[in-house]
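The next block holds one structure in the form of structure tokens; read it before the comments.
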Amino acid sequence: MADLVMKAIRKDFGSFRAVDNINLTFAHGKLTALLGPSGCGKTTLLRMIAGLETPTRGQLMLGDQEITAKPAHQRKFGMVFQNFALFPHLSVAENIAYSLAIEGVAKARRRARADELLELVQLVGYGDRRIGELSGGQRQRVAIARALAQEPSVFLLDEPMSALDAKLREDMQVELRLLQQRVGITTIVVTHDQREAMTMADQIVVMSKGRAEQVGTPQEIYSRPANSFVASFIGKANFLAGEAQGGRFRVGDYLLQAPESRQFTNNSPVTIAVRPENAVIAETENAALGNNIPAEITFIRDVGSTRDIYLKTPVGEMIVEYGAGETLRPLSVGEKVPLHLPPEKLHVFPRDVEAAG
Amino acid sequence: MSLSTAEDLPTPAPIVVREPSLWFKLGLVALLALLCLVPFLFVLTISFGHKIEGAGWAFGFEFSHYKRFFLGATWPETFQSLYIQRLGYSLFFAAIGAVIAVALAFPFTYFLTRMSRRAQTVWLVVLLSSLSLSEVFIVMGWDILLSARSGLPALLDGIGFTDLMKDLGWFQWFRDVGLASPRAFKFKTSGFATVLCMAYLVWPYAVILLYPALSRLDPALVEAARTMGARPGQVVRTVVLPSVRLPLFGSTLLLFVFLLGTYVTISVFADPSQHTLAVSIYDSVRGSTLNAPFGAAQSVILLITAGLFLIAGQKLSKAGGTA
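Structure below.
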């Protein structure tokens, strides 16, 4: 089956470069999330795939067929819009069967197909309702059913959860993922919500300023962020500014060890990222352990499932997170504790790039 | 779509609407009565009045003017439908003019709403300023444009179109529909010129009436249709037109009623046998026949006709809106 491939895709709006040199492969049957802050070009990228925008440069291939210049109505990639874009003058079933009506499929068969899809999205019996009578969640299901009715080769969703309230959103993420796996369709979801992306995606493309910062599985992106932007955008991270020094990294008055996944020349500026759940409040000062920084507790946030310890250190403020199951000796605000940064958990990035977030 | 967000918003402080005082309300009612009702009642009164030959009218309660309208002055000896015909031409020209204006304004307005904000503003300003032209100016303009010696017929003659049509043997067709004299094209004093000028008169109104509905149309609806295989023409037919069918219907109705009163266009361009009630009313009140009560009776009938159409339109659009 055919993969969707983008080769050196670029999109300019006047002098503004919305998408810059994107090379991506969307594997058949997989769900890819385009993740990034607003204005990063992810929606433009999705619209180019749908055929609603034309790339300024580059190629879009579906298998070995080039579709760069193919108009949207010939691609027929099912798309779910941010506000769902359901037709208010048509009933639920007519909305779902719209693509079939355009094709000229007979009315009885359209209705049968609509009923089939209503069952798929768990809205049996809603076929004759007006769009105005549906809740936000129901509208989303109708929009999904409508996009799938034409059995598209690619299924596109533009911020599909943004019109839903927070509770419904989490449920729908799981439901959409299960549906996608059942149908087995190549799916691309645009989102700015990293939790949403990690819940649903096989592959995440982290985007910033029109570029793909990192492409990988959710776990890869979380545990091995490619740069400080990705580290800050996916999950939480503490950042330290430092310099490379003889295979180690100097941060303030402290020398830290980190995995030498990159070779840095001496004195080159670096950013060191460490996730809150990876930093440790040590029992006692242990020089043999290394990678310790003295810290003072400024605030403790205990929300039940996690405890966040806010710390003031000579190299900046940091947060350490403990899960409910993890043991931690009783602490109090104002207490001075050694902060241990496990070397294997530190991510070191060159600092010349402008750090976002 | 915004249901969930609307619930999340903090409840705004209730806006205190102070009930206007009784005097204010009475004042408004009085103003409305003075501006609308009094003139109408005045016309209604005159329509039942008695015509004094060469002098005007006197109070009375005669149905003779209404009888003359519906059955003819000499009824029951003979029956005449002249004025019903005039009313018919009023409805005919107004309906065609309104439909043409809206039909031409729809695609224009649709593309206008897809332009940049700046382009839209420029176009709307141009359109609004064209409304300042009176009917008289517009008719004068078209009069020159369509005149045989200096207008379109002369142009068609000059570029050889007239001869081409004659050579192809199609010229007779133009003669048959009344758009040509034996030698050349002749557009003036024709239904064509009348309808053209009437449509031109109300076209800017049609654009302005359709603009809000079309600019509110969510572009995502059009895009959604495209991703589902609809070609541009199918998008317009299956998504855009149904979404704005109520505004389309409403604009057509409004312009139709507006055009019922067209006077200058008809008197300049229409064949005297096709003159409308508006022309006939003027003739009765100020023109050749000087019969104010009969003019008033015709006015009342025209007004009631317009009112009936508006009421029927209201009923239809309500039925269409809930269907």
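Just so you know, the sequences run in chain order A and B.
With the working numbering, letter number 35 in the first sequence gets 35, and the count goes up by one each step, no holes.
With the working numbering, letter number 7 in the second sequence gets 364, and the count goes up by one each step, no holes.
Even glycine gets a Cβ: it sits at the ideal position worked out from N, Cα and C.
Taking all protein chains shown into account, Cys40 (chain A) has 16 or more neighbouring C-beta atoms within 10 Å of its C-beta and is therefore buried. In the DSSP annotation of this structure, the continuous segment of the alpha helix (DSSP H) that includes Arg47 (chain A) starts and ends at 42 to 50. A direct Cα-to-Cα measurement between Trp530 (chain B) and Phe426 (chain B) gives close to 37 Å.
Phe77 (chain A) sits in coil when the DSSP states are folded into three classes, being neither helix nor strand. In the structure shown, the three-state DSSP call for His347 (chain A) is strand. The region 490 to 499 of chain B makes contact with the region 554 to 569 of chain B, as at least three CB pairs between them are under 8 Å. Lys76 (chain A) has a beta carbon lying within less than 9 Å of a beta carbon in chain B. Legend: CB atoms of the region 583 to 614 of chain B lying less than 9 Å from CB atoms of chain A belong to residues Arg583, Thr584, Met585, Gly586, Ala587, Arg588, Pro589, Gln591, Val592, Thr595, Val596, Pro599, Ser600, Arg602. About 6 Å separates the beta carbons of Ala537 (chain B) and Phe528 (chain B), which is inside the 8 Å limit, making them a contact pair.
Runs of alpha helix (DSSP H) with 4 or more residues, each lying fully within the region 194 to 252 of chain A, are found at 194 to 200, 218 to 223, 228 to 233, listed in chain order. Secondary structure note for Glu103 (chain A): its alpha helix (DSSP H) is the uninterrupted segment 98 to 103.
Ala163, Leu164, Asp165: these are the residues of the region 161 to 179 of chain A whose beta carbon lies less than 7 Å from some beta carbon of chain B, given in chain order. Taken through DSSP and simplified to helix, strand or coil, Asp115 (chain A) comes out as helix.
Within the model, the alpha-carbon separation for Pro650 (chain B) versus Ala462 (chain B) is close to 39 Å.
When DSSP reads this structure, Phe542 (chain B) sits in a beta bridge with B:Ala537. Counting along the chain, no alpha helix (DSSP H) covers Ile185 (chain A), and no H or E run does either. Secondary structure remark: continuous alpha helix (DSSP H) runs of at least 4 residues inside the region 477 to 565 of chain B, in chain order: 492 to 503, 509 to 515, 518 to 525, 528 to 533.
Lys336 (chain A) sits in a strand when the DSSP states are folded into three classes.
At least 9 Å separates the CB of Ser91 (chain A) from every CB of chain B. Taking 9 Å as the threshold, the shortest C-beta distance from Leu52 (chain A) to chain B falls below it. Nearest to Thr313 (chain A) by alpha-carbon distance, out of A:Thr327, A:Val337, A:Gly304, is A:Val337. Here Trp414 (chain B) carries a strand assignment [DSSP, helix/strand/coil]. For the options A:Val154, A:Val19, A:Tyr222, the alpha carbon positioned closest to that of Ile67 (chain A) is the one of A:Val154. Non-local C-beta neighbours of Lys7 (chain A) in its own chain, meaning closer than 8 Å and more than five positions away in sequence, comprise Asn23, Gly58, Gln59, Leu60, Met61, ordered along the chain. Counting only the Cα atoms, Val597 (chain B) lies some 55 Å from Lys408 (chain B). Listed along chain A are Ala85, Phe87, each with a C-beta nearer than 7 Å to that of Leu578 (chain B). Ala2 (chain A) is positioned such that its CB atom lies closer than 9 Å to that of Gln65 (chain A). Assignment of Gly63 (chain A) by DSSP, reduced to helix, strand and coil, places it in the coil class. For the options B:Phe615, B:Ser572, B:Phe606, B:Gly670, the alpha carbon positioned closest to that of Phe465 (chain B) is the one of B:Ser572. Its Cα nearest to that of Leu659 (chain B), the residue B:Ser447 stands out among B:Ser447, B:Thr546, B:Leu566. Its Cα nearest to that of Arg130 (chain A), the residue A:Phe87 stands out among A:Phe87, A:His340, A:Lys345, A:Glu119. Against chain B, a Cβ distance below 9 Å from Ala112 (chain A) picks out nothing, because the smallest value is about 18 Å.
Closer than 9 Å to the CB of Pro276 (chain A) there is not a single CB belonging to chain B.
Residue burial is scored here from C-beta neighbours: Asn267 (chain A) has fewer than 16 other C-beta atoms within 10 angstroms and is therefore classed as exposed. Judged by DSSP in its simplified three-state form, Phe615 (chain B) adopts helix. Neighbours of Glu94 (chain A) in chain B, taken as residues at a C-beta separation under 7 Å, are lacking, since the least C-beta distance is about 10 Å.
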